[in-house]
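If you read the sequence shown in our numbering, its first letter stands for residue 30, the second for the next number, and so on.
Data first, discussion second: the structure below is written as C-alpha cells.
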Amino acid sequence: MGELRELSADEDALWRALGRVSHLLPRVLDEEMSRATGLSMTEYAVLLMLAEAPERRLRMSELASAVALSGSRVTRVVDAMVRLGLLEKEKAPGDGRGAVAVLTEAGLARQRGAAGPHLAIARRRVDGIDPADLAAALRVLTALAERAAR
Numbered sequence: 030m031g032e033l034r035e036l037s038a039d040e041d042a043l044w045r046a047l048g049r050v051s052h053l054l055p056r057v058l059d060e061e062m063s064r065a066t067g068l069s070m071t072e073y074a075v076l077l078m079l080a081e082a083p084e085r086r087l088r089m090s091e092l093a094s095a096v097a098l099s100g101s102r103v104t105r106v107v108d109a110m111v112r113l114g115l116l117e118k119e120k121a122p123g124d125g126r127g128a129v130a131v132l133t134e135a136g137l138a139r140q141r142g143a144a145g146p147h148l149a150i151a152r153r154r155v156d157g158i159d160p161a162d163l164a165a166a167l168r169v170l171t172a173l174a175e176r177a178a179r
C-alpha cells in the first residue's frame, strides 16, 4: 500500500469539518424539510430527479445512483412512495429483472409544492458565504464526491 503520509494541519481540519458536516447536515436538513413539507430530503430528491428525467421515469439503478442510495434503500423508498401514490413502479422494457420508477401527477404536484420550502432551506444555509468560498467549496466537494464514487 505504500507509506502513509500524515495529513497536514489544513487537510486534517478539512477532513474533520467534512466528517462533522456529513453527520450533522443530513439530520438537520431532514428535520427542516420534514417539518416544512412532510417529505424527507431523500424523498424530495427522488421526486426531483424523476421530475427532471425524460418522461418523468428512471430505471431504479439510475435513480439510486442519482440520489446516492444503495439499490435496496432506493427500493424501500420508492415502494413507500408508491403506497402514497407519488410514484408508480413498472417493469423495465426488454428486461424482466429491471424496474422503472415513474413520477405520478400527484408526485409531481408534491415536488412542485415542496420546491419553495426546499429553496428556502437551501438559501438559509448558503446565505452569507463569500462567493469565492462557494467556488472553492464546490471544487473540493466535487473532487471528494468523484473519489468516493470510484
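Just so you know, even glycine gets a beta-carbon here, dropped at the ideal spot from N, CA and C.
Since the model is a prediction, treat every value here as computed from it, not as a measurement.
Name the one or two DSSP bridge partners that residue i has.
i    : result
E117 : V131
L87  : A130
In angstroms, rounded to a whole number, what distance separates the CA positions of residue i and residue j?
i    : j    : result
E60  : G157 : 22 Å
L76  : A151 : 17 Å
S101 : A128 : 13 Å
R112 : M62  : 20 Å
S99  : A93  : 6 Å
A166 : W44  : 13 Å
A143 : G31  : 49 Å
L54  : A65  : 16 Å
A109 : G67  : 14 Å
R56  : T104 : 21 Å
A178 : A97  : 9 Å
A17  : P122 : The displayed coordinates of the chain run from 30 to 179. Any statement about residue 17 would go beyond what the structure contains.
A42  : A95  : 29 Å
E117 : A149 : 29 Å
Where do the ends of the alpha helix (DSSP H) carrying residue i lie?
i    : result
D108 : G100 to R112
E180 : Lying outside 30 to 179, the shown extent of the chain, residue 180 is not represented and no answer is given.
Completely contained beta strand (DSSP E) runs for the segment 47-98, where each covers 3 or more residues = 86-88
Evaluate contact between the segment 66-85 and the segment 129-145, counting only Cβ atoms and requiring at least three cross-stretch pairs below 8 Å.
-> Taking a contact to require three or more Cβ pairs closer than 8 Å, the segment 66-85 and the segment 129-145 qualify as touching.
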